[in-house]
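Contents: one structure, followed by commentary.
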Amino acid sequence: MNINDTIHGFKVVRTAPAPDSGSQLIEMCHEKTGARLIWMKNDGENKLFSIAFRTPPSDDTGIFHILEHSVLGGSKKYPVKEPFLELMKGTMNTFLNAMTYPDKTVFPVSSRNDTDFMNLTRVYLDAVFDPAIYYNPNIFYQEGWHIEMRSESDTPVYKGVVFNEMKGAMSSVYSRMESEIMNVLYPDSCYRFESGGLPEAITSLTYEQFIEGHRTYYHPSNSYIYLDGPVNIDAVLGLIDGEYLSRFGRREVMSEIPLQKPIKASVRKSYYEISADEEEAAHTYYVIGKVLGSYQERERITAAAVLGEALTGSNDAPLKRAVLDTGLCLDVSLEVSDGIFQPFGCLCINNTDEENCSRLKEAVRAAVTELCEKGIDRKLLAAAIDRHEFRFRAGGEPRGLTRNISALSAWLYGGDPLSYLELGEVYDSLRKKADTGYFEELLKEWLLDENSRGELYLLPSRTYGEEQKKAEEKRIAEVIDRLACEERSVIVEQNRKLDEWQQSVDTPDQLATMPHLAISEVSDKPLPFETVTDSCGNVTILRHPASDNGITALNLYFSLSDLSEDELSAAAAATELYGELPTKRSSAAELQRRITGTLGEIIYSIKVFSPKGVTDRCTPYFMVSTRFLDRNTTDALELIAEILTETSFDNDDTVRELLMQSDENFKQSIIANGHSYSMSRVRAALSAEAAVSELVSGYEAYKRLHEAVKAPEKLTETIKSLSRIFCTSRLCASVTSTGNVSIEPLLNALPTGEKPASEEMGFKLDIPEKQGIIIPSGVSYSAMAFPDNSADKAVRSVLFRALSLEYLWNEVRVKGGAYGTGAFMDAKGEQTFYSYRDPSPAATIDTYRGSADFIKGYCDGEPDITQYIISSIAKDEPLMSDGNKSRQADGLWFRGITFEERAAERKRMLGVTASQLTEAAEKLRSFGGICVMGSEAAMEGLGLTAESLT
4 MNINDTIHGF KVVRTAPAPD SGSQLIEMCH EKTGARLIWM KNDGENKLFS IAFRTPPSDD
64 TGIFHILEHS VLGGSKKYPV KEPFLELMKG TMNTFLNAMT YPDKTVFPVS SRNDTDFMNL
124 TRVYLDAVFD PAIYYNPNIF YQEGWHIEMR SESDTPVYKG VVFNEMKGAM SSVYSRMESE
184 IMNVLYPDSC YRFESGGLPE AITSLTYEQF IEGHRTYYHP SNSYIYLDGP VNIDAVLGLI
244 DGEYLSRFGR REVMSEIPLQ KPIKASVRKS YYEISADEEE AAHTYYVIGK VLGSYQERER
304 ITAAAVLGEA LTGSNDAPLK RAVLDTGLCL DVSLEVSDGI FQPFGCLCIN NTDEENCSRL
364 KEAVRAAVTE LCEKGIDRKL LAAAIDRHEF RFRAGGEPRG LTRNISALSA WLYGGDPLSY
424 LELGEVYDSL RKKADTGYFE ELLKEWLLDE NSRGELYLLP SRTYGEEQKK AEEKRIAEVI
484 DRLACEERSV IVEQNRKLDE WQQSVDTPDQ LATMPHLAIS EVSDKPLPFE TVTDSCGNVT
544 ILRHPASDNG ITALNLYFSL SDLSEDELSA AAAATELYGE LPTKRSSAAE LQRRITGTLG
604 EIIYSIKVFS PKGVTDRCTP YFMVSTRFLD RNTTDALELI AEILTETSFD NDDTVRELLM
664 QSDENFKQSI IANGHSYSMS RVRAALSAEA AVSELVSGYE AYKRLHEAVK APEKLTETIK
724 SLSRIFCTSR LCASVTSTGN VSIEPLLNAL PTGEKPASEE MGFKLDIPEK QGIIIPSGVS
784 YSAMAFPDNS ADKAVRSVLF RALSLEYLWN EVRVKGGAYG TGAFMDAKGE QTFYSYRDPS
844 PAATIDTYRG SADFIKGYCD GEPDITQYII SSIAKDEPLM SDGNKSRQAD GLWFRGITFE
904 ERAAERKRML GVTASQLTEA AEKLRSFGGI CVMGSEAAME GLGLTAESLT
């Protein structure tokens, strides 16, 4: 393509190499509408289409979040209730979603398959330009909000998918923190509003305002179309122009984001909910925020992120260490939030008390002043730059989507879409500026200049949740009290129509409009995970090919099969300590500098595997997973050996500090991801592997860590005794690289040690079968286990996909208002159902119990289940980075699952019948454990053994 070429109404305005992205940029403009389009042309395996709209909110109603959900609820060419759901059922998509950001809404889809890619693109274009919302208000009531009142005597309640999603989101202290500080920093900008919507404001959005929002902003003149990969550009542009853009003219859309002028220094105090059993002491979050500049200052924004890594990336980073040494807080971080018109930075101090904040401010000022006067350690800065550049170049999957979001970081505001895609020259420049005082001057402006900065005190409250609940009840009561009888009847009738629509079924003619991939286009072979077994001395080495030239991924697995229950708990706690404590040769600060500069990443965890078909035995491993540049191999292996064999646990105060930070982070993770922890809890009764997994990474792990940090000396002594596990006799290693990277220097540095007496262990956990865990949240999470997994795994894969998308989606999400739900089967075939941000967990549990009856009725109609076969296969074949591929391949090897067995399972899956689904579903009449995480009121009537998250 050449500049000024015109293809299907799109004029090429620019071409440019994009070496950092492995692509060529082709930038176009649609001449009739002004729609902008870029194509990152490359030879990757995946093809991505995305269309974004600049959508700056003008209030907290979450209008664009609700629109994001709603436009995928039917359209002119695809008049089914939920095209999004139909695409989940019958495509081999590698990404299918939509996202609302503070100033934009993005609709991306991707697939490896050409036909699938065009189908996905066509449906998404119809969704955004011709949605059914104009003639079906039920979509708004379901996805946004409505008053649930089926008779005039009913107690009214607010319901809606986005409404409940945001009740859950605002229960997270970190989400609250971000929302509140942006409100302080951007008083004259769209960024002062919560783009997702605040629950108390969502219910003020009218259907008419909702429609007007779409009419105004979802126009080609306000669109940013992005293509990535080896797409058929003629066909794609022909579709975009011929079927959609050619129908529109050019329009001026007033979506520009005004510049936020410097603010007067301001202070905000807000509250968040903690459990009734928690102490309010040491639970305040204190934030100092400042706008750092505009998107155009990419070097400055990148430098600020480097400063955050260098100064607070570990407990012994200089700024963090100085603040922690006051003893007045638990954690400190210096963070940058970018991807908006004016990025901002925050110093976040966690778990303190309001009365301590003035002293903490002085400690920050003193530490920053000293850093600016004496200069920041150049080696520390160099290491932080290296780490950032590694993350930028290594990337993750889907990479096309990552590039899409990076492009929008400048493109959305009229800037060069390559600005944040091609950062190599920025990192080179920052290395040169490290010796010039550039970083010190930036740090001084950020944290010493108190002009234009905002401060937030986020204070704990045991009563906040109840106050919010009562305020909501009062609001809805006042609304109802103001209504005349006939107006109440309108609400009742609205509910009747909504129920009728939700219970309706798409007709065959409607379903026939949806494009589906033919089963013939699905390979009868699974994705290969190439593994070559090698050895070095007494160590088995699994070797995998890499696609990232110059980057090695290394996984080390040390067997823990002979550890006691207490030792396994201690090993789990130790994953938070290695790499953070000093070694015999290096101080903690020096070690962290070397880790940051040498390793792209290093993660410590406990992984558990059992052979296929085995439930009463398993083998847990202490896993060290790292990635590094090939040129750093020698230093990386030496460093890893030093960490594993020379870490010192002698400083009790340092160990306690790290464990307390881990404890707090664990608790916040449970509050935000209750569905995952609930599933782990109920699976624990199903197998030894699941029981050990719950012990080392589930709610049980949190309970034991929380208790241990009160007096950690015993735990520390146990951890010290576990140094014996890091030996070659216990080790299996996995190497993913483009060459034959040798890890012999690492193996030579490890002691030989002794093999465990047994290669496997049996394990059980004594936990309640029906458990409720009370968390400070406005919504709940639930899980239920199904212990009988004797049916063919190929059949169950299809069955669980059908249950997720045909049954649970409709009953729990659509009718029940939960944000998410599904039937989940893990790698070993263990079965759980879950709900996410769920207002009615008791009703959801009843729904789980009805799954076998549903499948029987559904299959009695002799449905075509081809779509569920296809989507089951697609779910198991996501895009994966080299690191994820290696871990997947390792897991298959440890479980003894061969490619031939996977291929045989694929063949059986392709031939699954409706009668097989019915037969397999009968085994779901055997119910296992239940776990609900939420408020105490949400657990009423379920007969749960309840305890509070403290």
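With positions in the sequence shown counted from 1, the corresponding number in my numbering is that position plus 3.
Where is the CB? At the ideal position from N, CA and C, for every residue including glycine.
Exposed unless 16 or more other CB atoms sit within 10 angstroms - verdict on residue i
i: TYR680; result: buried
i: CYS862; result: buried
i: TYR137; result: exposed
i: VAL270; result: exposed
i: GLY330; result: exposed
i: SER492; result: exposed
i: VAL508; result: exposed
i: ASN454; result: exposed
i: ILE933; result: buried
Limits of the unbroken beta strand (DSSP E) element including residue i
i: ASP319; result: First-last for ASP319: undefined, no H or E at that position.
i: PHE347; result: 347 to 355
i: HIS222; result: No beta strand (DSSP E) holds HIS222; DSSP gives it neither H nor E.
i: PHE766; result: Element bounds for PHE766: n/a, residue is neither H nor E.
i: GLN954; result: The chain is shown from 4 up to 953; residue 954 falls before or after that span and cannot be answered.
i: ASN558; result: 554 to 562
i: THR536; result: 535 to 539
i: ASP334; result: 334 to 340
i: ILE150; result: 149 to 151
Opposing strand residues paired with residue i [DSSP bridges]
i: TRP42; result: ILE29, LEU230
i: ILE777; result: GLY937, SER951
i: TYR607; result: VAL627
i: GLY292; result: CYS349, GLY457
i: VAL15; result: MET31
i: ASP527; result: Its beta-bridge partners do not exist; DSSP assigns none.
i: ALA826; result: PHE836
i: HIS68; result: Paired residue(s): none; HIS68 is not in a bridge.
i: LYS272; result: TYR460
i: LEU734; result: PHE561
i: HIS391; result: Answer is none; HIS391 lacks a bridge partner.
i: ASN96; result: SER114
The ligand SAM heavy atom lying under 7 Å from the CB of residue i
i: THR835; result: Absence of the ligand SAM from the depicted structure is noted, as is the absence of any ligand whatsoever, leaving it without description.
Beta-carbon contacts of residue i that lie in its chain and below 8 Å, excluding the five residues immediately before and after
i: VAL239; result: PHE52, MET121, THR124, LEU230
i: ALA949; result: GLN774, GLY775, ILE776, ILE777, GLU939, MET942
Close beta carbons around residue i, own chain, < 7 Å, minus the five adjacent residues each side
i: PRO190; result: ILE266
i: TYR467; result: TYR274, TYR275, GLU276
i: ILE343; result: PRO105, ASP106, TYR194
i: SER409; result: TYR423, LEU424
i: ASP638; result: THR601
i: PRO86; result: LEU75, GLY77, SER78, VAL126, ALA130, MET517
Cα-Cα separation, residue i to residue j
i: PRO842; j: GLY819; result: 7 Å
i: LYS615; j: GLY899; result: 7 Å
i: MET626; j: LEU725; result: 14 Å
i: GLU448; j: LYS377; result: 16 Å
i: GLY603; j: SER432; result: 20 Å
i: ALA480; j: PRO159; result: 8 Å
i: PHE251; j: PHE67; result: 22 Å
i: MET91; j: SER875; result: 10 Å
i: ARG499; j: ARG153; result: 7 Å
i: ILE184; j: LEU459; result: 6 Å
Beta-carbon proximity list for residue i, same chain, < 6 Å, skipping 5 on both sides
i: ASP791; result: LYS926, SER929
i: ILE142; result: SER73, GLY76, ILE136
i: GLU859; result: In the sequence as displayed, the identity of residue 859 is Lys instead of Glu. Once the five neighbours on either side are set aside, the close Cβ partners of LYS859 are THR921.
i: MET102; result: VAL109
i: PRO748; result: LEU640
i: LEU462; result: TYR274, THR287
The alpha helix (DSSP H) enclosing residue i, as first and last residue numbers
i: ALA691; result: 691 to 700
i: ARG727; result: Segment: none, ARG727 is in no alpha helix (DSSP H) and carries neither H nor E.
Short CB-CB distance (under 8 Å) between residue i and chain C
i: SER156; result: In the structure shown, chain C does not exist; there is a single protein chain.
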